[in-house]
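Sequences listed follow chains A and B, in order. Read in order, the letters of the first sequence correspond to residues 10 to 313 in the numbering used here. Read in order, the letters of the second sequence correspond to residues 10 to 166 in the numbering used here. Every residue gets a Cβ at the ideal spot worked out from N, C-alpha and C, and that includes glycine. From a predicted model like this one, the values you see are computed outputs, not experimental measurements. Read the structure below first, then the notes.
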Amino acid sequence: MTTGGRGRVGEWIERRLAELGELEPVSLAVRLTCVYLVTKPVDVWYLKLGLVTLGIVGLVAPRLDASRALWLLVAFFAAWRLLVERWVADNHIYLFAYWCLALFLVLNVPEAARQRALALNARWLIGLAFLFAVLWKGVLSPDFVDGRFFRSTLLTDGRFRDLTLLAGGMTPQDLQANARAVAQVRQGRQAEAELIEPPRLKRLATAITWWTLVSEGAVAVAFLWPGVGRLIRGLRHGTLLLFAWTTYAFATVVGFGWLLVILGVSQCEPRERAMRLAYLATFFVVFAHQVVPWTTNLVHWLPR
Amino acid sequence: MKSDPPLVDSSERPPRWAFLACGVLVGVAVLQIVIAFTTELTPWKGGGFGMFATSDTGGNRQVRAYEVFDDGERRLSLPRRDPLRRVMLNHPTEQRIGAYANALAARLERRRSGLQAVRVELWRASFDPATGSYRSEPWHEYLLELQRPVAPAGARK
């Protein structure tokens, strides 16, 4: 590629980034939410049809993306989904429904107060969600603070396989033996099975337990703190992005990760371009964490 | 308490109804805590943000079912992707276990002769930190006796 070609590409990227930086927060929020609608799976076919169709309409018809009617329908379908799946839906399905309701209400607020309503809704939804998460982990749960939950999870939940191999002192053979033992117990072939648990895994479980409590607690405090200054705004963005980067590298829950990014970026004014770009990069990174098996590759590459 | 400055060049305050979603979040989360403590709802579900807070998840709850005949019982192979089963494991109630047993019976009655009853067991697995072992314990049991036991194959018209 010639220097001129690189120049044109560079200019094109710069123009696109400038356009992105100039997008009104409401426009950015609804567009990203439409991406979420189109790409996240819904089990019930008629709800999937409704939500995906509305997301596509929002993406391909820019004049409709901030239409009150569109977001009333999205909020309606999201609420219907919650009613149908209320005992099996993950937490982010609930948070998504609240966000859709918030977007619809924000679009009904007079223009002059709209961006502020959007930012405050996003801020409080994040703060409250993390407050309840910390309440469950730190106070209500009988087995989180003492480290039992993460010990059990690292040993029995396949989603944390790479983390236990990378930092828990386990070998693939240990993991296989544990998985077999767990399957035997769950299938009722034996009542009890002793699991292989290296001392390093106990230390890892303790570290994750406290990191989770501290990082989630920091997000809750930062977002619910009624501060107005640059410092508290920086803390909000910093704690949320740090949580997203550290959590979704291992817990590949794209739905929750994306939603937090959408709520986070909705609090950025157009002039906070760098922060907006950091959130948009995180949107991509959360997705990349799921499709690129980097931790698995790391496990293979690292000398044992 | 100071409030946030406006994000745009206006000081207009949004109306309170614009924050209804935050109120709904708090209401549902408080209700979920009450339901989780008064019934057997797993803290992971119900909108209370209790995911990754406890090992008492739907994944650590198992269902086993048996078809009961005059001469004994046989364990059934159960489909994993069954919505009724998912709801029952996350929030088991007598009514839901009964409905699950009824659904199994309805499926079996068409092809099993001599079927007397359907028995459903729920088990709960947990990790014992003292011994480092994983174990499963019986938790609920439900026996659905069929009012008109299915006649042996030879007696059927």
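Buried or exposed: which applies to P24 (chain B), given that a residue is buried once 16 or more other Cβ atoms fall within 10 Å of its Cβ? Position 15 of the second sequence holds residue 24 (chain B). Exposed, because fewer than 16 other Cβ atoms sit within 10 Å of the Cβ of P24 (chain B).
Identify the contact partners of I42 (chain B) in chain A, using a Cβ-Cβ distance below 7 angstroms as the criterion. Locating residue 42 (chain B) in the second sequence gives position 33, counting from the first residue. Neighbours of I42 (chain B) on chain A, chain order: L149.
Assuming T291 (chain A) contacts L172 (chain A) (C-beta within less than 8 angstroms), just tell me the rounded distance between them. Reading the first sequence from its first residue, position 282 is the one you call residue 291 (chain A). Reading the first sequence from its first residue, position 163 is the one you call residue 172 (chain A). With a Cβ gap of about 20 angstroms, T291 (chain A) and L172 (chain A) do not count as contacting.
Reduced DSSP secondary structure (H/G/I, E/B, other) of G81 (chain B): Against the second sequence, residue 81 (chain B) aligns to sequence position 72. Strand at G81 (chain B).
Tell me which residue opens and which closes the alpha helix (DSSP H) that A87 (chain A) is part of. Taking the first sequence and counting its residues from 1, one reaches residue 87 (chain A) at position 78. Taken as a continuous stretch (DSSP letters only), the alpha helix (DSSP H) holding A87 (chain A) covers 77-94.
At which residues does the beta strand (DSSP E) containing D137 (chain B) begin and terminate? As a first step, residue 137 (chain B) must be located in the second sequence, where it is residue number 128. Taken as a continuous stretch (DSSP letters only), the beta strand (DSSP E) holding D137 (chain B) covers 126-137.
Near I42 (chain B), what residues of its chain come up, given a Cβ to Cβ distance below 6 angstroms and the 5 sequence neighbours on each side ignored? Numbered from its first residue, the second sequence carries residue 42 (chain B) at position 33. So the qualifying residues of the chain are G57.
Would you list the one or two residues that DSSP bridges to L153 (chain B)? The sequence position of residue 153 (chain B) within the second sequence is 144, counting from 1. BP columns for L153 (chain B) point to B:V127.
With a threshold of 6 angstroms (Cβ to nearest heavy atom), would E201 (chain A) be considered close to the ligand HEM? Absent from the structure shown: the ligand HEM. Ligands present: none.
What's the gap between the Cα of A38 (chain A) and the Cα of I271 (chain A)? Position 29 of the first sequence, counting from 1, holds the residue named residue 38 (chain A). Position 262 of the first sequence, counting from 1, holds the residue named residue 271 (chain A). Roughly 6 angstroms separates the two Cα atoms.
Should S86 (chain B) be flagged as near chain A, meaning a C-beta pair shorter than 7 angstroms? Translated into positions along the second sequence, residue 86 (chain B) becomes position 77. Chain A, which has no Cβ nearer than 7 angstroms to the Cβ of S86 (chain B), makes this no.
Residues of chain A with a CB under 8 angstroms from the CB of W26 (chain B): which are they? On the second sequence, position 17 is the one that residue 26 (chain B) refers to. Under the 8 angstroms cutoff, chain A gives L114.
Which residues does DSSP list as the beta-bridge partners of Y75 (chain B)? For this step, residue 75 (chain B) is matched to residue 66 along the second sequence. According to DSSP, Y75 (chain B) bridges with B:R84, B:R128.
May I ask you to list, following chain order, the residues of the stretch 194-205 of chain A that have a beta carbon less than 9 angstroms from some beta carbon of chain B? V194, R195, Q196, G197, Q199, A200, E201, A202, E203, L204, I205
Should the stretch 211-229 of chain A be regarded as contacting the stretch 155-165 of chain A, the criterion being three or more beta carbon pairs within less than 8 angstroms? yes
Residue closest to V263 (chain A), alpha-carbon to alpha-carbon, out of A:L286, A:A111, A:F153, A:V294: In the first sequence, counting from the first residue as 1, residue 263 (chain A) sits at position 254. Among A:L286, A:A111, A:F153, A:V294, the Cα nearest to that of V263 (chain A) is on A:V294.
Contacts around A229 (chain A), its chain only, beta-carbon distance under 7 angstroms, and the 5 residues preceding and following it disregarded: Counting from 1 along the first sequence, the entry for residue 229 (chain A) is found at position 220. Short of 7 angstroms from the beta carbon of A229 (chain A), and not among the five residues preceding or following it, lie these beta carbons of its own chain, in chain order: G136, F139, L140, V143.
By the DSSP assignment, the alpha helix (DSSP H) with A202 (chain A) in it spans what residues? Your numbering for residue 202 (chain A) matches position 193 in the first sequence. Counting along the chain, A202 (chain A) falls outside any alpha helix (DSSP H), though it belongs to the beta strand (DSSP E) covering 201-203.
Does the count of Cβ pairs from the stretch 126-146 of chain B and the stretch 66-84 of chain B closer than 8 angstroms reach three? yes
S275 (chain A) in three-state terms, based on DSSP: What you label residue 275 (chain A) is simply residue 266 of the first sequence in a count that begins at 1. It is coil, neither helix nor strand.
Are the CB atoms of V191 (chain A) and T165 (chain A) within a distance shorter than 7 angstroms? The count along the first sequence starts at 1 and reaches residue 165 (chain A) at position 156. The count along the first sequence starts at 1 and reaches residue 191 (chain A) at position 182. In this structure, V191 (chain A) lies closer than 7 angstroms to T165 (chain A) by Cβ.
Thinking C-alpha only, which one of B:I106, B:R83, B:D80, B:R84 is nearest P92 (chain B)? Residue 92 (chain B) sits at position 83 when you count from the first residue of the second sequence. P92 (chain B) has its Cα closest to that of B:I106, out of B:I106, B:R83, B:D80, B:R84.
Test item: CB-CB of Y211 (chain B) and L204 (chain A) under 7 angstroms: Since the first residue of chain B shown is 10 and the last is 166, residue 211 (chain B) is not available in this structure.
I'd like to check one pair, L110 (chain A) with A30 (chain B): are the Cβ atoms closer than 7 angstroms? Within the second sequence, residue 30 (chain B) is the residue found at index 21, counting from 1. Within the first sequence, residue 110 (chain A) is the residue found at index 101, counting from 1. Contact: yes.
Should M10 (chain B) be labelled buried (16 or more other beta-carbon atoms within 10 Å of its own) or exposed? The count along the second sequence starts at 1 and reaches residue 10 (chain B) at position 1. Unreliable placement is indicated for M10 (chain B), whose pLDDT of 43 sits below 50; no coordinate value is reported for it.
Would you say S122 (chain B) lies against chain A (beta-carbon separation less than 7 angstroms)? For the purposes of this step, residue 122 (chain B) is taken as residue 113 along the second sequence, with counting starting at 1. It does not; no Cβ of chain A falls within 7 angstroms.
Alpha carbon to alpha carbon, how far is H149 (chain B) from L131 (chain B)? On the second sequence, position 140 is the one that residue 149 (chain B) refers to. On the second sequence, position 122 is the one that residue 131 (chain B) refers to. Rounded to the nearest angstrom, the two C-alpha atoms are 5 angstroms apart.
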